[in-house]
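Beneath this line is the structure, given in C-alpha cells, with notes to follow.
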Amino acid sequence: MDKKDIKAYIKDTSTPVKFIKGVGEARAKQLAKIGINTVMDLFEYFPRDYIHRKIEPAIFELNPGDSIAMTTMISWVNEKSTKNGKYMLNVGVSDGHSTLICTWFNYPKDYSQKFKPGNLLWVSGTLSEYNGQLQLMHPEIEFVNEEEESDFWKKREYLPVYPLTGNLTQKFFRRIIYNAFEEYVDKIEENLPEFVLAKYGFLPRKIALQKMHFSLHPEELDEIHKRFVYEEFFYSQLLWARHKHYHMEEIKGIRFENKRQLTAQLYHKLPFKLTNAQIRVINEIFADMTSDKQMSRLLQGDVGSGKTIVTLFAMLLAVENGYQAALMAPTEILADQHYHNITRLLEGLPVKVALLKGGTYKGKEQTKTDIREGNADIIIGTHALIQREISFDKLGFVAIDEQHRFGVQQRAALARKHKHPDLLYLSATPIPRSLSLTVYGDLEVSIIDELPPNRIPVTTLIRSSQKIDLVYKEVAKELEKGRQVYIVCPLIEESDKVDLLDAQRMHHYISTKIFPQYSCILIHGKMSSKEKEDIMRRFKDGEIKILVSTTVIEVGLDIPNATVMIVEHAERFGLAQLHQLRGRVGRGGQQAYCYLIEHMPATNIARERLATLASTTDGFLIAEKDLELRGPGEIFGTEQSGLPHFKFANLFSDQPILKLARKDAFQIIAQDPELINPQNSLIKDIYFRQYAEKEKLILY
Ligand code: ADP
Ligand code: MG
273 MDKKDIKAYI KDTSTPVKFI KGVGEARAKQ LAKIGINTVM DLFEYFPRDY IHRKIEPAIF
333 ELNPGDSIAM TTMISWVNEK STKNGKYMLN VGVSDGHSTL ICTWFNYPKD YSQKFKPGNL
393 LWVSGTLSEY NGQLQLMHPE IEFVNEEEES DFWKKREYLP VYPLTGNLTQ KFFRRIIYNA
453 FEEYVDKIEE NLPEFVLAKY GFLPRKIALQ KMHFSLHPEE LDEIHKRFVY EEFFYSQLLW
513 ARHKHYHMEE IKGIRFENKR QLTAQLYHKL PFKLTNAQIR VINEIFADMT SDKQMSRLLQ
573 GDVGSGKTIV TLFAMLLAVE NGYQAALMAP TEILADQHYH NITRLLEGLP VKVALLKGGT
633 YKGKEQTKTD IREGNADIII GTHALIQREI SFDKLGFVAI DEQHRFGVQQ RAALARKHKH
693 PDLLYLSATP IPRSLSLTVY GDLEVSIIDE LPPNRIPVTT LIRSSQKIDL VYKEVAKELE
753 KGRQVYIVCP LIEESDKVDL LDAQRMHHYI STKIFPQYSC ILIHGKMSSK EKEDIMRRFK
813 DGEIKILVST TVIEVGLDIP NATVMIVEHA ERFGLAQLHQ LRGRVGRGGQ QAYCYLIEHM
873 PATNIARERL ATLASTTDGF LIAEKDLELR GPGEIFGTEQ SGLPHFKFAN LFSDQPILKL
933 ARKDAFQIIA QDPELINPQN SLIKDIYFRQ YAEKEKLILY
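According to the working numbering, numbering within the sequence shown proceeds without interruption in unit steps and concludes at 972.
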C-alpha cells in the first residue's frame with residue numbers, strides 16, 4: 273500500500289468532507305465556502321432552527337409583532353400585479369383552523385409554482401397585520417415534502433434547518449449529515465475531562481453532537497449547546513492562564529523621557545483643542561512609555577474619535593528621545609492618508625516622515641536606506657514595513673492602526689524589528705471592558721470615549737429597495753449643494769449564486785440613469801492599489817462626486833465633504849461594519865445621512881441590526897449589540913468587525929459560561945501549569961495539539 277492509500281484508509285473526524293458518501297469534489301467546494309472542510313466541521317455545523325412536522329392550531333393565539341416559526345398547510349396561492357408594474361405573491365397558509373397570509377414582492381420567476389395547495393410549509397418571520405389579517409412579509413420558508421426525504425428523515429418528527437448559502441439545499445445537507453454520522457460517529461473524541469462533565473452535568477461530546485442534529489426535543493438543545501460554548505471558552509482561557517503564569521513578568525522596554533520638545537510644539541500648533549478623553553489617553557500612554565516596562569496597550573476609540581493625533585503625540589515622544597516610530601496601516605489608501613495628515617500637522621517641526629508601501633516604485637530604495645540609517649524619524653507604511661529586507665536604525669515605538677486587520681504574526685513581526693519597542697494597537701471597535709480580558713488577555717486598554725465637539729450625529733434612515741427613487745431624490749439635493757456620496761454594494765460583480773446588487777451594475781445604473789450629470793466612479797478591491805489610490809485622491813479633491821464601491825472604503829477614510837452614505841443590501845452586513853461605513857460620513861460639520869437599503873428577505877436579526885444602528889451612534893452600545901446579535905455566518909464582513917470569532921459561543925449572551933470557564937482554567941493552571949497531573953491528561957493532549965501554537969504568538 274502506498275502512502276496515498278493509507279491516507280484514504282485512515283478515517284477520523286479530520287477526514288476531508290469530500291470522502292463522505294454523497295459529497296464529492298464539487299459539493300466539497302461549496303461546503304468549503306461555508307467553512308466546512310472536514311467531517312468534524314460538518315458535525316459542528318449546527319442547525320439554526322428545527323421544523324416540527326406537526327401542524328398545531330396556534331394561529332388564533334398570535335398577534336402582530338410576534339416572531340413565529342411553525343409548520344402550516346398551503347391553502348391557496350394568488351399572484352397579481354400591483355399599480356407600479358411589480359408582482360405580488362400571496363400564499364394563504366393554515367393551521368387547520370385559521371389562516372395567515374405570506375406575501376412576497378420582487379421574487380424570482382416561477383417562484384409561485386413551488387407552492388402547491390395541500391403541501392406542508394414551514395414559515396418563520398415576524399407577523400404584521402394588513403386589513404385585519406395576520407401577514408408575514410417575506411418570511412423564511414421550507415417546503416416540508418415527505419416524498420423528497422430519505423427514509424431516515426421521513427420518520428423524524430423534527431427536521432433540522434441549516435444556515436446554508438448558494439446551491440446547497442437542506443435536503444442535501446440533511447442527507448450528508450446522516451451519512452457522516454453513520455460512518456464517523458465512533459471517531460468523535462471527548463475533549464473535556466470527566467470531572468468537568470460531572471461538575472456541570474454536560475453530555476459527552478459524541479452524544480451532544482448527535483443531539484444537536486437529531487434531537488427529538490429541540491427545547492433541550494440550549495442546555496446541551498452550553499458544553500460547546502464551555503469547551504471553546506475553556507481552551508482559550510487556558511491559553512491566557514498559561515500566558516499569565518509564564519510570561520507576565522514585565523518585559524523591560526525603553527524608558528523614554530518626557531522632554532516636552534516636539535510634543536509641546538505639536539500641541540501649540542494644533543488646529544483644534546484636544547478632547548478631554550484624548551488628553552487622558554495621551555497621559556496614560558506617556559506614563560507607560562516613560563516607565564521601564566515595555567508598553568503593550570490597546571487604544572480603543574470610536575470612528576472619528578481622533579486616534580491618529582493621540583498616536584502622533586506618542587510617536588513624537590519616541591522621536592524626541594532619538595528613536596524612530598512606525599505606524600502600520602492595513603491599506604495603502606489609509607497609509608497615504610496618515611502620511612499626508614501627519615506631514616501637514618508636523619509642518620515646521622524638525623521631524624522627517626517617510627512613507628513605505630508595497631511593490632516597486634521610484635524612490636523606494638532611498639526610503640529603505642533612510643529607514644535603515646536613521647534618516648527617517650516617523651515611518652508610515654503598509655505591510656511592506658514587516659518585509660524581511662526592511663530594517664530600522666533605532667525603532668522605539670510601534671503603532672498598528674485597525675489592529676484587527678492584521679494577523680497576530682504580522683503584528684508581532686513589526687514589534688520584532690527592534691529590541692522591545694513600545695507597542696500601541698489601535699482599534700475602532702470598542703468592546704465592553706468585561707470582555708476585553710477574553711479578547712485581549714491582559715493587554716492594557718485606553719479608551720477615547722468622547723467625540724470631538726461640534727460633530728452633528730449622522731441621520732440614519734432605513735429604506736426599502738422599493739422606495740429607492742425617493743432616496744435618490746434626497747441625495748440629489750446633497751449633490752446640488754456640492755456634497756459627495758458613497759454607495760456601497762456587497763459584491764463587485766454579478767454572481768449567479770446570489771441575487772445581490774453588485775457594484776458594477778450599480779455604477780452603470782447610477783452613472784447612466786440616475787445621476788449622469790455627476791462624475792461617478794467605481795472602486796473595488798480587485799483594482800491595483802495605484803488605481804485605487806488615484807480614485808481616492810480624486811474623490812478627496814472633489815473631482816469625483818459619487819463613489820460606488822464594495823467595502824474597500826470601510827476603514828479609517830476621512831473625507832469631510834462626503835455627506836451621504838448609501839448601503840445597498842444593508843441587511844447583509846454586520847452591525848460593526850455598518851457602523852464603520854456610516855463613520856465615513858459626518859466628519860465635516862454639516863448634517864450627513866446614512867441610508868440603509870433593505871432588500872428581500874431580511875431576517876429578524878437583520879432587522880434588529882438595522883434598527884439598532886438607526887437608533888444610536890454609540891460605538892460601545894453597537895459593539896455590545898453586535899455580539900448579542902451575531903448569527904451564524906450569513907452576513908458579510910464579520911471578520912472585519914474586530915471582534916474575535918467563536919464558533920459556538922456568543923461573547924455577549926454567554927458571559928456567565930465564560931466566567932466559569934475562565935475560573936476553571938486559571939485554577940487548573942495555577943495548580944498544574946504543565947498539566948502533568950493524570951486527571952489533566954486529556955486537557956493536556958488537546959491543548960498542546962490544538963492551542964499551544966497560539967501561545968507563542970501572543971508573546972510579542
Ligand atoms: P479615528 O479615531 O477614526 O482614526 P481620526 O484620527 O482619523 O479618527 O480623526 C478624525 C478627524 O477628527 C480628523 O480629521 C482629525 O483631524 C479630527 N480631530 C481629531 N481630534 C480632534 C479634536 N480634538 N477636535 C477636532 N477635530 C479633531
Ligand atoms: Mg483611524
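Glycine included, every Cβ here is placed at the ideal spot set by N, Cα and C.
Worksheet item: Quick one: Cα of ILE929 to Cα of GLU900, how far?
Response: On the sequence shown, residue 929 is found 657 positions in, with the first residue counted as 1. On the sequence shown, residue 900 is found 628 positions in, with the first residue counted as 1. ILE929 and GLU900: Cα-Cα distance of roughly 15 Å.
Fill in: HIS369 classed as buried or exposed, judged by whether at least 16 other C-beta atoms fall within 10 angstroms
Taking the first residue of the sequence shown as position 1, residue 369 is located at position 97. It is exposed - the Cβ of HIS369 has fewer than 16 other Cβ atoms within 10 Å.
Worksheet item: Just reading off the alpha helix (DSSP H) that THR639 is part of, what are its end residues?
Response: Mapped onto the sequence shown, residue 639 falls at position 367. Here the alpha helix (DSSP H) through THR639 covers 636–645.
Worksheet item: Is the beta carbon of GLU880 less than 8 Å from the beta carbon of ARG735?
Response: Counting from 1 along the sequence shown, the entry for residue 880 is found at position 608. Counting from 1 along the sequence shown, the entry for residue 735 is found at position 463. Not in contact: GLU880 and ARG735 (Cβ atoms no closer than 8 Å).
Worksheet item: For the candidate residues ARG844, ALA559 and HIS610, whose alpha-carbon lies nearest to that of GLY578?
Response: Position 306 of the sequence shown, counting from 1, holds the residue named residue 578. That would be HIS610, whose Cα lies nearest to the Cα of GLY578.
Practice prompt. Pull up the distance between the alpha-carbon of SER487 and that of ARG854, whole angstroms please.
Written response: Start at 1 with the first residue of the sequence shown, and residue 487 comes out as number 215. Start at 1 with the first residue of the sequence shown, and residue 854 comes out as number 582. Put simply, the backbone Cα of SER487 is about 42 Å away from that of ARG854.
Worksheet item: Could you give the distance in angstroms between the alpha-carbon of SER347 and the alpha-carbon of LEU406?
Response: Sequence index remark: in the sequence shown, residue 347 carries index 75 (1-based). Sequence index remark: in the sequence shown, residue 406 carries index 134 (1-based). Answer to the nearest angstrom: the Cα atoms are 15 Å apart.
Practice prompt. To the nearest angstrom, report how far apart LEU534 and HIS540 are at their CA atoms.
Written response: Looking up residue 534 in the sequence shown gives position 262. Looking up residue 540 in the sequence shown gives position 268. LEU534 and HIS540 have their C-alpha atoms roughly 10 Å apart.
Worksheet item: If we count Cβ pairs, one from each stretch, closer than 8 Å, do we get three or more for the segment 549–560 versus the segment 494–502?
Response: no
Worksheet entry | DSSP-derived helix/strand/coil call for ALA684 | On the sequence shown, residue 684 is found 412 positions in, with the first residue counted as 1. When DSSP states are grouped into helix, strand and coil, ALA684 belongs to the helix group.
Fill in: Residue range of the alpha helix (DSSP H) that includes LYS897
Residue mapping note: residue 897 aligns to position 625 of the sequence shown, counting from 1. Looking at the DSSP string, the run of the alpha helix (DSSP H) that includes LYS897 is 891–901.
Worksheet entry | From ARG514, ARG859, GLU803 and SER925, residue whose alpha carbon lies closest to that of PHE960 | On the sequence shown, residue 960 is found 688 positions in, with the first residue counted as 1. The shortest C-alpha separation from PHE960 is found at ARG514.
Discussion item. To the nearest angstrom, how far is the alpha carbon of PHE845 from that of THR654?
Written reply: Reading the sequence shown from its first residue, position 573 is the one you call residue 845. Reading the sequence shown from its first residue, position 382 is the one you call residue 654. Spanning the two alpha carbons is a distance of roughly 26 Å.
Discussion item. Looking only at its chain, what residues have a beta carbon closer than 8 Å to the beta carbon of LEU314, apart from the 5 residues adjacent to it on each side?
Written reply: Start at 1 with the first residue of the sequence shown, and residue 314 comes out as number 42. Closer than 8 Å at Cβ, skipping near neighbours: VAL289, ILE292, LEU303, ILE308, ILE448, ILE449 and ALA452.
Discussion item. Taking the beta carbon of THR701 as the centre, do at least 16 other beta carbons fall within 10 Å, making it buried, or is it exposed?
Written reply: Against the sequence shown, residue 701 aligns to sequence position 429. The residue is buried, with at least 16 neighbouring Cβ atoms inside 10 Å.
Item to complete: Jot down the residue ranges of each uninterrupted beta strand (DSSP E) in the segment 536–606, minimum 3 residues, whole runs only, in chain order.
Response: 568–573 and 596–600
Worksheet item: In terms of alpha-carbon separation, which member of PHE377, LEU408 and ASN350 lies closest to ILE340?
Response: To locate residue 340, count along the sequence shown from 1; it is residue 68. When each option's Cα is compared against that of ILE340, the closest is LEU408.
Worksheet item: Can you tell me the Cα-Cα spacing of LYS629 and SER821, whole angstroms?
Response: Translated into the one-based positions of the sequence shown, residue 629 becomes position 357. Translated into the one-based positions of the sequence shown, residue 821 becomes position 549. Straight-line Cα distance between these residues: approximately 23 Å.
Fill in: Nearest candidate by alpha-carbon position, reference ALA598, set GLY620, GLN789 and ILE662
Your numbering for residue 598 matches position 326 in the sequence shown. Nearest of GLY620, GLN789 and ILE662 to ALA598, Cα basis: ILE662.
Worksheet entry | Backbone CA spacing between GLU316 and LEU481 [nearest angstrom] | Residue 316 sits at position 44 when you count from the first residue of the sequence shown. Residue 481 sits at position 209 when you count from the first residue of the sequence shown. Distance between the alpha carbons of GLU316 and LEU481 is about 7 Å.
Item to complete: Over the uninterrupted alpha helix (DSSP H) stretch that includes TYR865, give me the two end residues.
Response: As a first step, residue 865 is located in the sequence shown; it is residue number 593 there, counting from the start. Careful: TYR865 lies outside any alpha helix (DSSP H), inside the beta strand (DSSP E) at 865–870.
Worksheet item: When you compare each of LYS524, LEU361, LEU372 and SER925 to THR343 by their alpha carbons, which one comes out closest?
Response: Indexing the sequence shown from 1 puts residue 343 at position 71. Closest option to THR343, Cα to Cα, is LEU372.
Worksheet item: How many angstroms separate the CA atom of PRO476 from the CA atom of VAL457?
Response: Taking the first residue of the sequence shown as 1, we reach residue 476 at position 204. Taking the first residue of the sequence shown as 1, we reach residue 457 at position 185. Rounded to the nearest angstrom, the two C-alpha atoms are 13 Å apart.
Item to complete: Taking 8 Å as the cut-off, decide whether the C-beta atoms of ILE672 and PHE664 are in contact.
Response: Residue 672 sits at position 400 when you count from the first residue of the sequence shown. Residue 664 sits at position 392 when you count from the first residue of the sequence shown. No, Cβ-Cβ distance for ILE672 and PHE664 is not below 8 Å.
Worksheet item: Looking at GLN852 and the ligand NAP, is the gap between the Cβ and the nearest heavy atom below 7 Å?
Response: The ligand NAP is not part of this structure, which contains only the ligand ADP and the ligand MG.
Fill in: Status (buried if at least 16 other CB within 10 Å, exposed otherwise) for SER286
As a first step, residue 286 is located in the sequence shown; it is residue number 14 there, counting from the start. Answer is exposed; the Cβ neighbour count stays below 16.
Worksheet item: Going by Cα to Cα distance, which pick from GLY814, PHE938 and VAL591 is closest to ASP830?
Response: Your numbering for residue 830 matches position 558 in the sequence shown. The option with the nearest alpha carbon to ASP830 is GLY814.
Discussion item. Quick check on GLU752: does DSSP put it in helix, strand or coil?
Written reply: Counting from one through the sequence shown, the residue named residue 752 turns up at place 480. GLU752 falls in the helix class under three-state DSSP.
Worksheet item: Is ALA626 helix, strand or coil when you go by DSSP?
Response: Locating residue 626 in the sequence shown gives position 354, where the first residue counts as 1. Correct three-state label for ALA626: strand.
Item to complete: Would you mind stating whether ARG755 and ALA834 have Cβ atoms separated by less than 8 Å?
Response: Within the sequence shown, residue 755 is the residue found at index 483, counting from 1. Within the sequence shown, residue 834 is the residue found at index 562, counting from 1. For ARG755 and ALA834, yes; Cβs fall inside 8 Å.
Worksheet item: Closer than 7 Å: is that where the CB of LYS579 sits relative to any heavy atom of the ligand MG?
Response: Residue 579 sits at position 307 when you count from the first residue of the sequence shown. Indeed, a heavy atom of the ligand MG lies less than 7 Å from the Cβ.
Discussion item. Looking only at its chain, what residues have a beta carbon closer than 6 Å to the beta carbon of HIS517, apart from the 5 residues adjacent to it on each side?
Written reply: Counted from its first residue, the sequence shown places residue 517 at position 245. Same-chain partners within the cutoff: ILE941 and PRO945.
Worksheet item: What is the residue span of the beta strand (DSSP E) that ARG735 lies within?
Response: Position 463 of the sequence shown, counted from the first residue, corresponds to residue 735. Its beta strand (DSSP E) spans residues 731–736.
Worksheet item: For ILE554 versus PHE506, is the C-beta spacing smaller than 8 Å?
Response: If you number the sequence shown from 1, residue 554 lands on position 282. If you number the sequence shown from 1, residue 506 lands on position 234. No.
Discussion item. Beta-carbon within less than 7 Å of LYS247's beta-carbon, same chain only, minus the 5 sequence neighbours each way: which residues are those?
Written reply: Missing from the structure shown is residue 247; the chain here goes from 273 to 972 and no further.
Item to complete: Please report the residue range of the alpha helix (DSSP H) in which LYS301 lies.
Response: Stepping through the sequence shown from its first residue, residue 301 is reached at position 29. Counting along the chain, the alpha helix (DSSP H) containing LYS301 begins and ends at 296–305.
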